[in-house]
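Asks:
Protein chains in written order, with the numbering used here: chain A, 1 to 293; chain B, 1001 to 1328.
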């Protein structure tokens, strides 16, 4: 019988639709490819990197860009390219951990606060205003200075500065979806409040959250590099883009330009890529763009 | 045997900056077991508010001011929120007027039904899924297995309403509140949905409270009709009496405003609109639209009184007596 035919046809049609919409935004798609490449390089760093990133070579100190060392070497003769590849592990994982934690806390509390409304909502939003009124970077500096700058604390500091943004975002979305008819429907069938909030309503708030989180990945990475640059982030022996930029910056006057240029470029390209992907996702998930094929 | 539902003296107010809006004002009506009752009235007559009040789901600024709702002999106002949750969905289910928006857009429709079994009957995922497929079969959704995995936006309006009915009947409720279940559906689909409701109601023994402004729908499936106007019950009677011997001027006007193709009678619209419910005057709320209004109507609200077998009317003017009786 031919009854099953439509079912088998819908899948390829759906996939090609997604593909067409991705192709409408080649810049974001390119950025996504860049991020995937960076992540792969970080995961397979021991295979990809040509040298041991921490192995000093006194004979090869301050070597400029060459075939042997495509990004030159530092004052100890360590290969810059290998260090940049290994540094991606730290940078990406800290940025990811910080963002994930901030998203989780922001989404859970934002959802509860937004659904509850009333004075709870008021108090929470004034707290958020207070935190947001404080410069985020200064706050992150203060937290790492107070807690000590271990990798965990850096992630924690960055995530704390980001929580208010997610909280406000999800709270706003919750105010919208809690008035939807499916919220009423969930109430009329006897769901307890926590099920209504987390199972029925929160999934409907996710698209803007995904966009915000992607954009914030870039910002988290930048904050972390900046903290490391001023010595309040990751500590020097560890290969990290901010640390390397700081070390390289000290050599500008003596002409070793490759030492700060390449880590700086790594930061810039990665942050830019996350921002472009975030922008692309925003268009991709925008319901108003759904009809356009 | 007691009635399934007794609404007594129920009053719901909505607080606004200008004062209290009396959306539902001291209403009384009952629903017997297995009965199909139509709750009829224009927009703004308090029909939907009544249904939410029964489920105790009136949210601020709304508030139940007085009255009681007895369901199966139990006063719902005395139950804890936890006990009330076990009534909602399990004993009293509701079908909303816009099926597509009442279904959660990000959860497959089948899952929305099977979750009810898990929530109210504690069934395992596998058994719940089987019961869900049975329900989809019952509401005659073709190819249930495929449809169950789809989302609301992939289904037609009629299909969504069938899903809603499946959801509502899933846990065999004793009372099904259907809030304008056929608005937004085209006529042929609407008729089929009504047939399905009536049939499944009879099969499961559930009483149906059908909220509608469409007397055609009422004539089709109801046993009894409760007519509401401006937050008050003005008449309650078996469906035959409503059409053949309407006693309240508003009911007469409603019946007279049905377009007829079988008779050469002009359809008469009801003059005016539902009066403002913000600090309404003390008398009958239909007074400004009524041909028979007297001074008495302006001063005191007519009580809901029996006019014969199972027929209650809230009006001082007795149409039956004035016109020498209309054959029932």
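Every residue gets a Cβ at the ideal spot worked out from N, C-alpha and C, and that includes glycine.
Fair warning: this is a prediction, and the values are worked out from it, not measured in the lab.
Under three-state DSSP, which class holds residue 1065 (chain B)?
Replies: It is a strand residue.
Asks: DSSP puts residue 1232 (chain B) in a beta bridge; with which residues?
Replies: Beta-bridge pairing links residue 1232 (chain B) to B:1229.
Asks: Count the other CB atoms, across all protein chains shown, that sit within 10 Å of the CB of residue 134 (chain A); report buried if there are 16 or more and exposed otherwise.
Replies: It is exposed - the Cβ of residue 134 (chain A) has fewer than 16 other Cβ atoms within 10 Å.
Asks: To the nearest angstrom, report how far apart residue 1305 (chain B) and residue 1312 (chain B) are at their CA atoms.
Replies: Distance between the alpha carbons of residue 1305 (chain B) and residue 1312 (chain B) is about 5 Å.
Asks: Is residue 1172 (chain B) buried or exposed, if buried means 16 or more other CB atoms sit within 10 Å of its CB?
Replies: Its Cβ having fewer than 16 others within 10 Å, residue 1172 (chain B) is exposed.
Asks: Check whether chain D comes within 8 Å of residue 189 (chain A), counting only Cβ atoms and requiring the distance to be less than that.
Replies: Among the chains of the structure shown, chain D does not appear; the protein chains present are A and B.
Asks: Would you say residue 1350 (chain B) reaches chain A, if we count a Cβ-Cβ gap shorter than 8 Å as a contact?
Replies: As displayed, chain B neither begins before 1001 nor continues past 1328, which places residue 1350 (chain B) out of reach and without an answer.
Asks: Quick one: is residue 293 (chain A) near chain B, going by C-beta distance under 8 Å?
Replies: Summary for residue 293 (chain A): the model assigns pLDDT 40, below 50, so the residue's position carries little reliability; its value from the coordinates is reported in the next sentence. Closer than 8 Å: no.
Asks: Return the residues of the stretch 1262-1286 of chain B that lie within a Cβ-Cβ distance of less than 7 Å from chain A, sorted by chain order.
Replies: Going along the stretch 1262-1286 of chain B in chain order, one finds no residue with a Cβ nearer than 7 Å to chain A.
Asks: Indicate the three-state DSSP secondary structure (helix, strand or coil) for residue 1122 (chain B) in the structure shown.
Replies: If DSSP states are grouped into helix, strand and coil, residue 1122 (chain B) belongs with coil.
Asks: Taking Cβ-Cβ distances shorter than 8 Å, what residues in chain B pair up with residue 180 (chain A)?
Replies: 1101, listed in chain order.
Asks: Going along chain B in order, which residues have a C-beta closer than 8 Å to the C-beta of residue 204 (chain A)?
Replies: Those within 8 Å of residue 204 (chain A) in chain B are 1104, 1105, 1106.
Asks: Could you check the C-alpha separation between residue 278 (chain A) and residue 183 (chain A) for me, to the nearest Å?
Replies: C-alpha separation (whole angstroms): 29 Å.
Asks: Bridge partners for residue 1030 (chain B) per DSSP, in chain order?
Replies: DSSP lists B:1006 as partners of residue 1030 (chain B).
Asks: For residue 1081 (chain B), count neighbouring Cβ atoms within 10 angstroms of its own Cβ and tell me buried if that reaches 16, exposed if not.
Replies: So residue 1081 (chain B) counts as exposed.
Asks: Which one of B:1218, B:1135, B:1155 has the shortest CA to CA distance from residue 1255 (chain B)?
Replies: Comparing Cα positions, the closest option is B:1218.
Asks: Check the C-beta distance from residue 77 (chain A) over to residue 56 (chain A) and give it rounded, since I have them as a contact under 8 Å.
Replies: Right, their Cβ atoms sit about 5 Å apart.
Asks: Is the beta carbon of residue 1290 (chain B) closer than 8 Å to that of residue 1302 (chain B)?
Replies: Not closer than 8 Å, so no.
Asks: Determine the contact status of residue 1019 (chain B) and residue 1278 (chain B), defining contact as a CB-CB distance below 8 Å.
Replies: Their beta carbons are under 8 Å apart, which means residue 1019 (chain B) touches residue 1278 (chain B) by this criterion.
Asks: When every heavy atom of the ligand ATP is checked, does at least one fall within less than 7 Å of the C-beta of residue 214 (chain A)?
Replies: Of ligands this structure carries none, so the ligand ATP is not represented either.
Asks: What first and last residue would you give for the beta strand (DSSP E) that runs through residue 1175 (chain B)?
Replies: Its beta strand (DSSP E) spans residues 1175-1179.
Asks: List the residues of chain B whose Cβ lies closer than 7 Å to the Cβ of residue 107 (chain A), in chain order.
Replies: By Cβ distance, chain B contributes nothing, its closest Cβ being about 15 Å from residue 107 (chain A), past 7 Å.
Asks: Examine chain B for any beta-carbon lying closer than 8 Å to the beta-carbon of residue 192 (chain A), and answer yes or no.
Replies: Answer yes: the Cβ-Cβ gap between residue 192 (chain A) and chain B drops below 8 Å somewhere.
Asks: Which residues in chain B sit within 7 Å of residue 111 (chain A), going by Cβ to Cβ distance?
Replies: Correct list: empty, because the minimum Cβ distance to chain B is about 14 Å.
Asks: Can you tell me whether residue 212 (chain A) is helix, strand or coil according to DSSP?
Replies: Here residue 212 (chain A) sits in helix by DSSP.
Asks: Give me the Cα-Cα distance between residue 1202 (chain B) and residue 33 (chain A), rounded to the nearest whole angstrom.
Replies: Each residue's Cα considered, the two are about 60 Å apart.
Asks: At a cut of 8 Å, does the stretch 201-209 of chain A reach the stretch 137-146 of chain A through at least three beta carbon pairs?
Replies: Output reads no: the stretch 137-146 of chain A does not touch the stretch 201-209 of chain A.
Asks: Determine contact between the stretch 188-197 of chain A and the stretch 1115-1127 of chain B, defined as no fewer than three beta-carbon pairs at a distance below 8 Å.
Replies: The stretch 188-197 of chain A is in contact with the stretch 1115-1127 of chain B.
Asks: So, residue 1300 (chain B) versus residue 1282 (chain B), is the Cβ gap smaller than 8 Å?
Replies: The answer is yes: Cβ separation under 8 Å.
Asks: Distance, Cα to Cα, residue 172 (chain A) vs residue 1111 (chain B)?
Replies: Taking the straight line from one Cα to the other gives about 27 Å.
Asks: Quick check on residue 69 (chain A) - is its C-beta less than 8 Å from some C-beta in chain B?
Replies: No, because no Cβ of chain B sits closer than 8 Å to the Cβ of residue 69 (chain A).
Asks: Mapping DSSP to helix, strand and coil, what is residue 1172 (chain B)?
Replies: In this structure, residue 1172 (chain B) counts as coil in the three-state DSSP scheme.
Asks: Please name the residue, chosen from B:1093, B:1026, B:1053, that lies closest to residue 1077 (chain B) on a Cα-to-Cα basis.
Replies: If we check each option's Cα against that of residue 1077 (chain B), B:1053 comes out closest.
Asks: Of all the CB atoms in chain A, is at least one closer than 8 Å to the CB of residue 1135 (chain B)?
Replies: No, no contact with chain A.
Asks: In chain order, what are the residue ranges of uninterrupted alpha helix (DSSP H) at least 4 long that sit wholly in the stretch 146-201 of chain A?
Replies: Runs of the alpha helix (DSSP H) inside the stretch 146-201 of chain A: 151-177, 181-188.
Asks: For the putative contact between residue 1228 (chain B) and residue 1041 (chain B), defined by C-beta atoms under 8 Å, what is the C-beta separation to the nearest angstrom?
Replies: Contact holds; Cβ gap of about 4 Å.
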